[in-house]
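What follows is a single structure, written as structure tokens, with notes after it.
Protein chains: 2
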Amino acid sequence: MPRQMSQNAAKAELLATPMQNAGSIDFEIIELLFFAYRDFVSDPDQILVKSGFGRAHHRVVHFVNREPGMTVADLLETLQITKQSLARVLKQLIDSGYIRQVAGPEDRRQRKLYPTQAGRDLALALAEPQSRRIERAFEGASEATRASVKRFLRGMQTEK
Amino acid sequence: MPRQMSQNAAKAELLATPMQNAGSIDFEIIELLFFAYRDFVSDPDQILVKSGFGRAHHRVVHFVNREPGMTVADLLETLQITKQSLARVLKQLIDSGYIRQVAGPEDRRQRKLYPTQAGRDLALALAEPQSRRIERAFEGASEATRASVKRFLRGMQTEK
DNA sequence: AAAATTACGTCAATAGCGCTGACATATTTT
DNA sequence: AAAATATGTCAGCGCTATTGACGTAATTTT
Numbered sequence: 001m002p003r004q005m006s007q008n009a010a011k012a013e014l015l016a017t018p019m020q021n022a023g024s025i026d027f028e029i030i031e032l033l034f035f036a037y038r039d040f041v042s043d044p045d046q047i048l049v050k051s052g053f054g055r056a057h058h059r060v061v062h063f064v065n066r067e068p069g070m071t072v073a074d075l076l077e078t079l080q081i082t083k084q085s086l087a088r089v090l091k092q093l094i095d096s097g098y099i100r101q102v103a104g105p106e107d108r109r110q111r112k113l114y115p116t117q118a119g120r121d122l123a124l125a126l127a128e129p130q131s132r133r134i135e136r137a138f139e140g141a142s143e144a145t146r147a148s149v150k151r152f153l154r155g156m157q158t159e160k
Numbered sequence: 001m002p003r004q005m006s007q008n009a010a011k012a013e014l015l016a017t018p019m020q021n022a023g024s025i026d027f028e029i030i031e032l033l034f035f036a037y038r039d040f041v042s043d044p045d046q047i048l049v050k051s052g053f054g055r056a057h058h059r060v061v062h063f064v065n066r067e068p069g070m071t072v073a074d075l076l077e078t079l080q081i082t083k084q085s086l087a088r089v090l091k092q093l094i095d096s097g098y099i100r101q102v103a104g105p106e107d108r109r110q111r112k113l114y115p116t117q118a119g120r121d122l123a124l125a126l127a128e129p130q131s132r133r134i135e136r137a138f139e140g141a142s143e144a145t146r147a148s149v150k151r152f153l154r155g156m157q158t159e160k
């Protein structure tokens with residue numbers, strides 16, 4: 001029965017069993033991270049499309065608001081992207097009046113970045129739905145639990 | 001002194017104070033999520049470039065391994081992308097021998113997706129460094145803490 | 001003072017991954 | 001027979017990232 005055999009051979013290479021518990025890998029939490037992060041960024045994404053901006057603009061406006069006076073090099077270090085990637089996004093935010101550059105007082109090659117009031121407002125508007133989502137996820141949680149989650153997230157980061 | 005005044009006016013629009021504690025928004029955890037997720041996906045990304053694949057391939061190969069026999073529609077629902085987005089990625093995985101399609105036994109319009117052994121191996125290889133990272137982040141944590149983190153991540157998801 | 005380095009900007013080309021819109025085919029349902 | 005469904009495909013586009021190369025101004029080193 002060559003026909004049957006070849007069918008079996010073909011079928012034999014297909015795996016019908018769900019991947020789980022393989023080598024003590026927790027696939028569930030891997031998926032939870034994927035879904036959680038996807039929905040977490042979906043809130044600001046919806047707001048950003050209205051302004052013609054994207055996720056990259058969000059990141060820039062966020063960190064400049066968090067640390068006004070940071071330099072372009074600081075920002076590249078924080079975001080871990082290339083200056084060519086940053087260039088367009090930063091230019092658009094400056095042209096749109098959300099961020100301004102000031103030559104460094106000591107080192108005038110540097111461009112210190114500051115938010116305008118519009119930039120601050122935008123950063124807050126983007127953070128708000130994310131914050132609400134986080135509060136909802138923490139609903140009923142103790143301070144200890146919040147601390148545990150933060151410790152976990154810190155532990156997920158690559159150490160530099 | 002019009003010159004001085006215009007200088008002051010320009011400066012007045014720049015905010016030098018770091019954005020923090022505004023309206024009880026926890027900016028720290030927002031950043032922790034960003035950094036944690038970025039580093040979390042960096043592990044598989046490094047492996048994937050060697051095969052000429054990307055993050056989208058990872059997701060497809062992951063979920064097909066988690067639920068062998070899922071249809072294209074199931075996958076689109078899970079990933080929440082369009083079929084056009086999925087098409088190229090899925091085709092490449094099929095052409096490369098990581099995934100196979102089988103016509104649905106009841107509804108022959110359906111294409112049930114199964115991993116090959118190579119597909120299973122790839123999914124495991126990609127999950128492994130992520131799992132190690134998660135274990136490191138949980139190092140010393142109790143079962144209760146792990147459960148709390150999972151509950152938090154579940155709470156971050158948009159309810160359907 | 002000249003040379004090297006640094007901080008930043010920019011031009012050009014490319015890749016990955018998502019999107020919309022339109023159309024085609026096979027199959028199942030009505 | 002007609003309508004709906006599941007899937008595939010073509011074409012074009014947008015956003016974000018990449019590498020490589022080059023330019024300019026300012027600072028540091030020699």
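Chains A and B are the protein sequences, given in the same order. In case it helps, the numbering used here puts the first sequence at residues 1 to 160. In case it helps, the numbering used here puts the second sequence at residues 1 to 160. A virtual CB, placed ideally from N, CA and C, is assigned to each residue, including glycine. None of these values were measured; they are calculated from a predicted model.
>> Using DSSP's beta-bridge definition, name the partner residues of A:Gln-101.
In response: Counting from 1 along the first sequence, the entry for residue 101 of chain A is found at position 101. Bridge partners of A:Gln-101: A:Leu-113.
>> Taking 7 Å as the limit between beta carbons, can you name the residues of its chain near B:Gly-97, skipping five residues before and five after?
In response: As a working note, residue 97 of chain B is residue 97 in the second sequence. Only Thr-116 and Ala-118 meet the Cβ criterion.
> If you draw a straight line from the alpha carbon of A:Gln-4 to that of A:Lys-150, how long is it in whole angstroms?
Replying inline: Translated into positions along the first sequence, residue 4 of chain A becomes position 4. Translated into positions along the first sequence, residue 150 of chain A becomes position 150. In this prediction, A:Gln-4 has a pLDDT of 41, which is less than 50 and means its spatial position is unreliable; nothing more can be read from the coordinates.
> Would you say A:Glu-43 and A:Gln-130 are within 8 Å of each other, going by their C-beta atoms?
Replying inline: As a first step, residue 43 of chain A is located in the first sequence; it is residue number 43 there, counting from the start. As a first step, residue 130 of chain A is located in the first sequence; it is residue number 130 there, counting from the start. A small fix is needed here, since residue 43 of chain A is Asp in this sequence, not Glu. Yes; because the gap between Cβ atoms is below 8 Å, this pair is in contact.
>> By alpha-carbon positions, which one of A:Gln-92, A:Ser-142, A:Phe-35 and A:Gly-69 ends up nearest to A:Ala-103?
In response: Reading the first sequence from its first residue, position 103 is the one you call residue 103 of chain A. Nearest option by C-alpha distance: A:Gly-69.
>> Could you check whether B:Arg-100 and B:Val-72 sit closer than 8 Å to each other, using their CB atoms as the reference points?
In response: For this step, residue 72 of chain B is matched to residue 72 along the second sequence. For this step, residue 100 of chain B is matched to residue 100 along the second sequence. Against a cut-off of 8 Å, the Cβ pair of B:Arg-100 and B:Val-72 comes out as no contact.
> From which residue to which residue does the alpha helix (DSSP H) around A:Asp-43 run?
Replying inline: Start at 1 with the first residue of the first sequence, and residue 43 of chain A comes out as number 43. Unbroken alpha helix (DSSP H) run through A:Asp-43: 27-51.
> Which word fits A:Val-49, buried or exposed, when buried means at least 16 other C-beta atoms lie within 10 angstroms of its C-beta?
Replying inline: Sequence index remark: in the first sequence, residue 49 of chain A carries index 49 (1-based). Looking at its Cβ environment, which holds fewer than 16 other Cβ atoms inside 10 Å, A:Val-49 is exposed.
> Going by alpha carbons, who is nearest to A:Phe-138 out of B:Gly-54, B:Leu-124, B:Gln-157 and B:Arg-133?
Replying inline: Working through the first sequence from its first residue, we reach residue 138 of chain A at position 138. The residue with the shortest Cα to Cα distance from A:Phe-138 is B:Gln-157.
> What is the rounded straight-line gap between the Cα of A:Ser-6 and the Cα of B:His-58?
Replying inline: Along the first sequence, one-based indexing puts residue 6 of chain A at 6. Along the second sequence, one-based indexing puts residue 58 of chain B at 58. Residue placement at A:Ser-6 is poorly supported in this model, since its pLDDT is 43, which falls under 50; the coordinates are not used for a value here.
> chain B partners of A:Leu-48, CB-CB under 7 Å?
Replying inline: Along the first sequence, read from residue 1 onward, the residue named residue 48 of chain A stands at position 48. The contacting residues do not exist; A:Leu-48 stays about 15 Å from chain B at best.
> Expressed to the nearest angstrom, what Euclidean distance is found between the alpha-carbon atoms of A:Pro-18 and B:Leu-15?
Replying inline: Stepping through the first sequence from its first residue, residue 18 of chain A is reached at position 18. Stepping through the second sequence from its first residue, residue 15 of chain B is reached at position 15. Roughly 53 Å between the two C-alpha positions.
> Given a limit of 9 Å on CB to CB distance, which residues of the stretch 115-126 of chain B reach chain A?
Replying inline: Pro-115, Thr-116, Gln-117, Ala-118, Gly-119, Arg-120, Ala-123 and Leu-124
> Under 8 Å between the Cβ atoms of B:Ala-127 and A:Ile-81?
Replying inline: To locate residue 127 of chain B, count along the second sequence from 1; it is residue 127. To locate residue 81 of chain A, count along the first sequence from 1; it is residue 81. No.
>> Does any residue of chain B have a CB that is nearer than 8 Å to the CB of A:Arg-108?
In response: The residue you call residue 108 of chain A lines up with position 108 of the first sequence. Chain B contact via Cβ: absent.
> Beta-carbon of A:Asn-21 versus every beta-carbon of chain B: anything under 8 Å?
Replying inline: Taking the first sequence and counting its residues from 1, one reaches residue 21 of chain A at position 21. A:Asn-21 does not count as touching chain B.
> What number of angstroms, rounded off, separates the C-alpha of B:Ala-144 from the C-alpha of A:Asp-121?
Replying inline: Taking the second sequence and counting its residues from 1, one reaches residue 144 of chain B at position 144. Taking the first sequence and counting its residues from 1, one reaches residue 121 of chain A at position 121. Roughly 39 Å between the two C-alpha positions.
> Would DSSP call A:Met-156 helix, strand or coil?
Replying inline: Along the first sequence, read from residue 1 onward, the residue named residue 156 of chain A stands at position 156. The answer is helix: DSSP assigns A:Met-156 an H, G or I state.
> Taking Cβ-Cβ distances shorter than 8 Å, what residues in chain A pair up with B:Lys-150?
Replying inline: For the purposes of this step, residue 150 of chain B is taken as the residue at position 150 of the second sequence. Within chain A, the residues near B:Lys-150 are Glu-28, Ile-29 and Leu-32.
> For A:Pro-68 and chain B, any beta-carbon pair shorter than 8 Å?
Replying inline: The sequence position of residue 68 of chain A within the first sequence is 68, counting from 1. Answer yes: the Cβ-Cβ gap between A:Pro-68 and chain B drops below 8 Å somewhere.
> Buried or exposed: B:Met-1, going by 16 or more other Cβ atoms within 10 Å of its Cβ?
Replying inline: Working through the second sequence from its first residue, we reach residue 1 of chain B at position 1. Only weak support is given to the placement of B:Met-1: the predicted model assigns it a pLDDT of 40, under 50, and the question is left unresolved by the model.
> Is the beta carbon of A:Val-41 less than 8 Å from the beta carbon of A:Leu-93?
Replying inline: In the first sequence, counting from the first residue as 1, residue 41 of chain A sits at position 41. In the first sequence, counting from the first residue as 1, residue 93 of chain A sits at position 93. For A:Val-41 and A:Leu-93, no; Cβs fall outside 8 Å.
>> If you measure between the beta carbons of A:Val-89 and A:Ala-56, is that distance less than 8 Å?
In response: Here residue 89 of chain A refers to the residue found at position 89 when the first sequence is read from its first residue. Here residue 56 of chain A refers to the residue found at position 56 when the first sequence is read from its first residue. Cβ atoms of A:Val-89 and A:Ala-56: closer than 8 Å.
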